[in-house]
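Heads up, the thing below is written out as structure tokens.
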Amino acid sequence: MASSTEPAPGQAAPGALLAPADVARVVDRMAHQLIEKCAGGGGAGDDRDSLADLVLVGIPTRGAPLARRLAARVEAFSGTPVDTGTVDITLYRDDLRLRGVRALEDTVLPPAGIDGRLVVLVDDVLFSGRSVRAALDALRDLGRPRAVQLAVLVDRGHRELPIRADYVGKNVPTSRAQKVRVHLAETDGTDEVVVVEQ
Amino acid sequence: MKRHLLEAADLDRADATLVLDTAAQIDQALAGREVKKLPTLRGRTVVNLFYEDSTRTRISFELAAKRLSADVINFSAKGSSVSKGESLKDTALTLEAMGSDAIVVRHSASGAPHRLANWVRGSVVNAGDGTHEHPTQALLDAYTIRRRLGRLDGVRVAVVGDVLHSRVARSNVWLLTTLGAEVTLVAPPTLLPVGVGAWPVEVSYDLDAVLPKADAVMMLRVQAERMNASFFPSAREYSRRYGLDARRMAALGDDAIVMHPGPMNRGMEIAADVADSVRSTIVEQVGNGVSVRMAVLYLLLGGAPA
Amino acid sequence: MTTLIKGARVLGGEPADLLLEDGRIAAVGRRLSVTGADVVDADGLVALPGLVDLHTHLREPGREDAETVETGSRAAALGGYTAVHAMANTDPVADTAGVVEQVWRLGRQAGLVDVVPVGAVTVGLRGERLAELGAMADSAARVRVFSDDGHCVADPALMRRALEYVKALDGVVAQHAEEPRLTVGAQMNEGDRSARLGLTGWPAAAEEAVIARDVLLAQHVGARLHVCHVSTAGSVEILRWAKSRGVQVTAEVTPHHLLLTEALAESYDPVFKVNPPLRTDEDVQALRQGLADGTVDAVATDHAPHAVEDKESEWAQARPGMLGLEQALPVVVEALVETGLLDWAGVADRMSVRPAAIGRLDGHGRPVAPGEPANLLLLDPAARAAVDPAALASRSRNSPYAGRELPGRVVATFLRGEATVLDGKAVR
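Protein chains in written order, with UniProt numbering: chain A, 1 to 198; chain B, 1 to 306; chain C, 1 to 428.
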């Protein structure tokens with residue numbers, strides 16, 4: 001189980017927890033952890049893992065570009081291309097009535113599908129765990145992976161379900177009143193992680 | 001989105017686009033998978049209240065609701081308390097008391113869904129009311145055009161046939177123009193409503209003049225019985241002047257599509273070889289109907305408080 | 001019974017006192033004083049002759065759940081009416097002396113207004129053969145107005161015979177002008193709105209064609225013709241033309257056609273469904289103009305009570321018709337007085353004098369002057385109130401004015417010297 005905390009970044013913008021360079025470094029480290037895992041260095045009995053089996057499935061909105069970045073870095077470090085996909089979880093949410101309906105986003109799986117493979121769900125922030133729960137439900141309807149793991153850029157705590165991440169970019173202790181915002185170049189024009197007081 | 005979908009005018013351009021985009025995402029999410037069911041509307045109850053027989057529309061809504069895991073009740077007016085004289089209002093209050101979250105209503109009286117919306121707290125979806133509107137049909141038509149042609153803005157759509165009695169035509173006029181398409185109505189003058197001049201459309205009595213410029217041709221069902229009220233002299237004359245046959249289809253542009261809301265009168269408004277041609281989207285429209293209705297139910301019900 | 005009305009402005013003129021005695025106006029003057037008289041303070045109120053309605057549906061016999069002669073009479077009195085013509089489309093139809101006498105007697109028993117039965121032109125309103133018009137004219141009800149209202153006397157030969165026949169009775173045929181073949185299934189005015197709403201159109205031409213035909217027939221046979229509920233600008237034009245040619249034609253317009261338009265159908269609320277239908281704003285303006293210049297002779301309510309179940313339904317299933325008696329005068333005040341089209345004398349003429357003349361009612365539509373029958377009303381022109389259907393005296397609730405604020409309040413109504421309404425409330 002790879003779970004670690006990045007040292008406090010010296011060059012972060014005022015109020016920013018992670019600056020662009022920090023985000024890149026964190027993604028790189030997560031990529032290495034994935035390679036390590038799939039190269040057989042994982043837990044006992046995971047000897048069937050290989051990068052060819054791996055599918056990085058992003059949870060929109062920001063999990064999707066994050067999954068593609070991770071895949072790119074894994075390929076850069078290992079030389080092996082990695083399948084990616086996205087799974088929109090809106091129709092699986094249990095809080096629609098509280099939060100209202102919203103536009104749906106893409107659900108795209110690699111041509112080879114996910115059956116029998118190691119699916120790593122990728123999201124930007126892990127909070128209550130409800131998004132992951134919805135994503136697990138969605139995956140169940142999409143196929144039967146051999147195993148499902150979870151990678152998040154930020155784990156901010158306050159879980160409401162028995163869910164934990166297998167790969168964490170940065171653990172960020174927060175209060176419930178705070179919000180953690182992850183910005184990515186693909187969706188927001190810049191890479192950074194900020195904590196906002198509500 | 002408003003709480004109800006009573007007519008195409010309930011949808012502004014942003015809402016209409018949201019419905020089409022949502023339908024596209026649902027299509028994509030469900031494509032090729034074995035489990036074609038989503039948990040989105042678990043615990044919600046959708047009532048199909050059908051005062052007119054329309055198996056295809058009812059099944060389409062039923063499938064849409066079931067794929068979203070809603071509980072579906074089919075309430076057909078025939079053989080029910082309605083046929084024993086129960087009023088629309090009493091029926092509405094009964095369904096309300098049973099906890100329905102949405103009522104999908106098909107009725108022979110124009111405006112019946114509007115009345116219903118005054119009496120219930122849940123959402124009302126118009127599945128066709130008299131000669132007024134059939135907004136989900138227009139949405140699936142727009143969706144079909146967009147899928148086939150890649151856009152709606154500036155697309156030239158000819159709507160051909162009994163516009164006077166057609167709820168499909170009315171909904172399409174308002175929705176397609178909202179989405180930027182250019183609509184031309186083609187019919188004998190007897191089958192166009194007085195006052196059509198106020199609609200944001202072109203009107204033509206000459207199908208042959210319109211076809212070469214059309215990107216999509218939507219053929220409306222024409223009932224042969226209309227000739228008994230002198231809307232046209234005979235089915236043969238109608239078909240000759242306004243029917244779409246292979247000769248006329250040849251006048252269409254290369255990418256133009258042929259649509260029909262069904263059920264078709266083959267040989268009347270549309271020739272069999274046209275209906276079965278590669279240009280025809282008629283079967284596709286049926287499939288798209290389910291996705292569009294799922295999108296509508298999701299957007300109306302998904303976020304609404306129970 | 002003696003009543004002294006203090007300070008009323010007769011037809012909007014200078015304040016005067018009115019002494020009502022033995023059913024007549026005994027004196028009109030300044031500072032009248034009489035011992036033992038009931039005194040009514042009419043400071044600021046306008047006195048008008050009691051209104052006469054040429055077109056009321058009282059529903060009795062047959063639909064007493066919607067209205068009775070008594071409840072309709074009370075609504076009429078509250079509206080300032082002292083006489084109403086009860087339309088013949090009851091169940092059974094008022095096409096015999098027996099039925100018209102029954103209605104007439106019920107009106108006498110209620111005693112709130114003079115209920116004047118209208119006789120059907122044809123047996124059962126079926127438009128096939130003439131009813132016994134003479135027997136109804138000779139009955140105790142003294143019928144002078146004959147109408148198949150609700151249905152048009154569409155057969156031109158039958159209409160011609162009816163027009164001719166009632167000449168011997170000093171009667172008049174009141175035609176519901178609607179060519180039935182042009183209005184099959186019609187739901188609202190035909191135009192761009194009906195096209196959009198998907199409601200079958202009721203073309204203006206269906207009314208105008210019948211009026212044009214009938215004025216020509218009336219001229220040809222030298223008979224009187226009255227046209228019910230004129231609703232279109234074209235109808236006003238035809239009437240103007242006919243009157244200029246000397247045809248003995250009179251016409252009425254309803255309060256709702258003077259105020260409301262087809263735009264209300266957008267709600268699909270059948271409370272706005274009526275026959276003939278609400279028309280366009282241009283029609284409303286032409287009708288106001290026609291009433292102001294006398295082309296249209298009278299305001300008639302077409303008061304049409306309907307039970308809740310006949311209105312709380314789909315538009316197409318609902319029965320056409322609206323309440324009118326209690327709001328007719330306020331609507332006329334808003335549409336014609338406040339717009340400067342009619343003065344109070346004009347209102348008296350169109351709502352009392354001319355309708356009484358058309359219906360040949362001797363005791364109504366008379367000036368508010370000494371020696372005349374004491375049929376009059378007192379109106380507070382300054383009052384404004386929102387219409388509350390639940391507060392209406394009618395047994396039905398299908399008022400198209402619900403929630404609408406209208407000017408003018410009938411404070412008192414006197415029928416032959418006896419108050420039927422005081423302080424805005426029915427005495428009985």
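Where a beta carbon is used, it is the ideal one built from N, C-alpha and C, also for glycine.
Kindly give me the distance between the Cβ atoms of A/R62 and A/V172, rounded to whole angstroms, as I take these residues to be in contact under 8 angstroms. Position 62 of the first sequence, counting from 1, holds the residue named residue 62 of chain A. Position 172 of the first sequence, counting from 1, holds the residue named residue 172 of chain A. Rounded, the Cβ-Cβ distance is 15 angstroms, inconsistent with contact.
Roughly how many whole angstroms lie between the Cα atoms of B/A256 and B/A214? Along the second sequence, read from residue 1 onward, the residue named residue 256 of chain B stands at position 256. Along the second sequence, read from residue 1 onward, the residue named residue 214 of chain B stands at position 214. When rounded, the distance between both Cα atoms is 7 angstroms.
Take the Cβ of C/E338 as the centre, count every other Cβ of all protein chains shown within 10 Å, and call the residue buried at 16 or more, exposed below. The sequence position of residue 338 of chain C within the third sequence is 338, counting from 1. Of the other Cβ atoms in all chains shown, fewer than 16 fall within 10 Å of the Cβ of C/E338; this residue is therefore exposed.
Would you mind giving the Cβ-Cβ distance between C/L78 and C/D380, rounded to the nearest angstrom? I have them listed as a contact below 8 angstroms. The residue you call residue 78 of chain C lines up with position 78 of the third sequence. The residue you call residue 380 of chain C lines up with position 380 of the third sequence. In this structure, C/L78 and C/D380 do not form a Cβ contact; the two beta carbons are roughly 13 angstroms apart against a cut-off of 8 angstroms.
Starting from A/L121, find everything on chain B with Cβ-Cβ shorter than 8 angstroms and list it in chain order. Stepping through the first sequence from its first residue, residue 121 of chain A is reached at position 121. Within chain B, no residue comes near A/L121; the closest Cβ sits about 16 angstroms away, beyond 8 angstroms.
Assign C/I211 to one of three DSSP states: helix, strand, or coil. What you label residue 211 of chain C is simply residue 211 of the third sequence in a count that begins at 1. Look at C/I211 here: in three-state DSSP terms it is helix.
For chain A, find out if any of its Cβ atoms is closer than 8 angstroms to the Cβ of B/T22; answer yes or no. Within the second sequence, residue 22 of chain B is the residue found at index 22, counting from 1. B/T22 counts as touching chain A.
Against chain B, which members of the stretch 88-106 of chain A pass a CB distance test of less than 9 angstroms? If you check each beta-carbon in the stretch 88-106 of chain A against every beta-carbon of chain B, the ones closer than 9 angstroms belong to D88, T90, L91, Y92, R93, D94, L96, R97, L98, R99, G100, V101, R102, A103, L104, E105 and D106.
Are any of the Cβ atoms in chain C nearer than 8 angstroms to that of B/T40? As a working mapping, residue 40 of chain B is identified with position 40 in the second sequence. Not closer than 8 angstroms to any Cβ of chain C, the Cβ of B/T40 fails to qualify, so no.
So B/A102 contacts chain A; which residues on that side make the cut at Cβ distance below 7 angstroms? Start at 1 with the first residue of the second sequence, and residue 102 of chain B comes out as number 102. Within chain A, no residue comes near B/A102; the closest Cβ sits about 13 angstroms away, beyond 7 angstroms.
Using a Cβ-Cβ cut-off of 6 angstroms (strictly less than) and excluding sequence neighbours within five positions of B/L18, which residues of its own chain qualify? The residue you call residue 18 of chain B lines up with position 18 of the second sequence. Nothing listed; no residue qualifies.
When you compare only the Cα positions, how much space is there between B/Y143 and B/N288? For the purposes of this step, residue 143 of chain B is identified with residue 143 of the second sequence, where counting begins at 1. For the purposes of this step, residue 288 of chain B is identified with residue 288 of the second sequence, where counting begins at 1. Their Cα atoms are separated by approximately 7 angstroms.
In terms of alpha-carbon separation, which member of C/P61, C/K6, C/E67 and C/G29 lies closest to C/A37? Start at 1 with the first residue of the third sequence, and residue 37 of chain C comes out as number 37. In terms of Cα proximity to C/A37, the closest of C/P61, C/K6, C/E67 and C/G29 is C/K6.
Counting contacts by CB-CB distance shorter than 8 angstroms, is C/V410 in contact with chain B? Position 410 of the third sequence holds residue 410 of chain C. Not an interface residue.
Tell me, to the nearest whole angstrom, how far the beta carbon of B/L5 is from that of B/N172; I am working on the premise that it is less than 8 angstroms. Residue numbering aside, residue 5 of chain B sits at position 5 when the second sequence is read from its first letter. Residue numbering aside, residue 172 of chain B sits at position 172 when the second sequence is read from its first letter. Not quite, the Cβ-Cβ distance comes to about 15 angstroms (not below 8 angstroms), so this is no contact.
Whole angstroms are fine: how far does the CA of C/Y165 sit from the CA of C/V143? The count along the third sequence starts at 1 and reaches residue 143 of chain C at position 143. The count along the third sequence starts at 1 and reaches residue 165 of chain C at position 165. Note on geometry: alpha-carbon atoms of C/V143 and C/Y165 lie some 14 angstroms from one another.
Check the Cβ-Cβ distances between B/Y298 and every residue of chain A, and say whether any is below 8 angstroms. Looking up residue 298 of chain B in the second sequence gives position 298. At a cut-off of 8 angstroms between beta carbons, B/Y298 contacts chain A.
If you draw a straight line from the C-alpha of B/P233 to the C-alpha of B/T190, how long is it? As a working mapping, residue 233 of chain B is identified with position 233 in the second sequence. As a working mapping, residue 190 of chain B is identified with position 190 in the second sequence. Between the alpha carbons of B/P233 and B/T190 lies a gap of roughly 11 angstroms.
Tell me whether B/F231 sits in a helix, a strand or coil according to DSSP, three-state version. Within the second sequence, numbered from 1, the residue matching residue 231 of chain B stands at position 231. Coil, per DSSP.
A/E192 in three-state terms, based on DSSP: Translated into the one-based positions of the first sequence, residue 192 of chain A becomes position 192. In the structure shown, the three-state DSSP call for A/E192 is strand.
Beta-carbon separation of C/S394 and C/T96 under 8 angstroms? The count along the third sequence starts at 1 and reaches residue 394 of chain C at position 394. The count along the third sequence starts at 1 and reaches residue 96 of chain C at position 96. No, Cβ-Cβ distance for C/S394 and C/T96 is not below 8 angstroms.
Under 8 angstroms, CB to CB, which of the residues in the stretch 200-218 of chain C have a partner in chain B? Taken in chain order, the members of the stretch 200-218 of chain C whose beta-carbon sits within less than 8 angstroms of a beta-carbon on chain B are T200, G201 and P203.
Determine whether the beta carbon atoms of B/V35 and B/A70 lie at a separation below 8 angstroms. As a first step, residue 35 of chain B must be located in the second sequence, where it is residue number 35. As a first step, residue 70 of chain B must be located in the second sequence, where it is residue number 70. At a Cβ-Cβ threshold of 8 angstroms, B/V35 and B/A70 do not count as neighbours.
Determine contact between the stretch 381-390 of chain C and the stretch 399-406 of chain C, defined as no fewer than three beta-carbon pairs at a distance below 8 angstroms. The stretch 381-390 of chain C, when compared against the stretch 399-406 of chain C, does touch it at the 8 angstroms Cβ threshold.
Taking 8 angstroms as the threshold (C-beta atoms), are A/D83 and A/P110 in contact? Here residue 110 of chain A refers to the residue found at position 110 of the first sequence. Here residue 83 of chain A refers to the residue found at position 83 of the first sequence. It is a contact, given that the beta carbons lie within the stated cut-off.
Could you please give me the residues that DSSP links to C/K425 through a beta bridge? Here residue 425 of chain C corresponds to residue number 425 of the third sequence, with the count starting at 1. DSSP output for C/K425 lists C/L422 as bridge partner(s).
So the alpha helix (DSSP H) A/V87 belongs to, where does it begin and stop? The residue given as residue 87 of chain A occupies position 87 in the first sequence. Run containing A/V87: none; DSSP gives neither H nor E here.
Exposed unless 16 or more other CB atoms sit within 10 angstroms - verdict on A/D46: Counted from its first residue, the first sequence places residue 46 of chain A at position 46. In this predicted model, A/D46 has a pLDDT of only 48, less than 50, meaning its place in the structure is not dependable; the value taken from the coordinates is given anyway. Counting Cβ neighbours within 10 Å, A/D46 comes out exposed, since fewer than 16 surround it.
Looking only at its own chain, which residues have a Cβ that is under 7 angstroms from the Cβ of C/T261, when we skip the five neighbours before and after it? On the third sequence, position 261 is the one that residue 261 of chain C refers to. Only L278, R279, T280, D281 and V284 meet the Cβ criterion.
Keeping to the same chain, check which residues put their C-beta closer than 7 angstroms to that of A/S78; ignore five residues upstream and five downstream. Taking the first residue of the first sequence as position 1, residue 78 of chain A is located at position 78. Same-chain partners within the cutoff: I35 and L51.
How about B/I145: is its C-beta nearer than 8 angstroms to some C-beta of chain A? Here the question's residue 145 of chain B lines up with position 145 in the second sequence. Chain A contact via Cβ: absent.
To the nearest angstrom, report how far apart C/P49 and C/E237 are at their CA atoms. What you label residue 49 of chain C is simply residue 49 of the third sequence in a count that begins at 1. What you label residue 237 of chain C is simply residue 237 of the third sequence in a count that begins at 1. If I take the Cα positions, the gap works out to 29 angstroms.
Going by DSSP, which residues form a beta bridge with B/M259? Taking the second sequence and counting its residues from 1, the one referred to as residue 259 of chain B is at position 259. When DSSP reads this structure, B/M259 sits in a beta bridge with B/M218.
DSSP three-state label for C/W315, please. If you number the third sequence from 1, residue 315 of chain C lands on position 315. Collapsing the DSSP output to three states places C/W315 in coil.
Minimum length 4: unbroken alpha helix (DSSP H) runs contained in the UniProt domain "Phosphoribosyltransferase" (23-173) of chain A: With a minimum length of 4 residues, the unbroken runs of alpha helix (DSSP H) contained wholly in the UniProt domain "Phosphoribosyltransferase" (23-173) of chain A fall at 63-78, 96-99 and 130-142.
Between the C-alpha atoms of B/S100 and B/T94, what's the straight-line distance to the nearest angstrom? Taking the second sequence and counting its residues from 1, one reaches residue 100 of chain B at position 100. Taking the second sequence and counting its residues from 1, one reaches residue 94 of chain B at position 94. B/S100 and B/T94 have their alpha carbons spaced roughly 9 angstroms apart.
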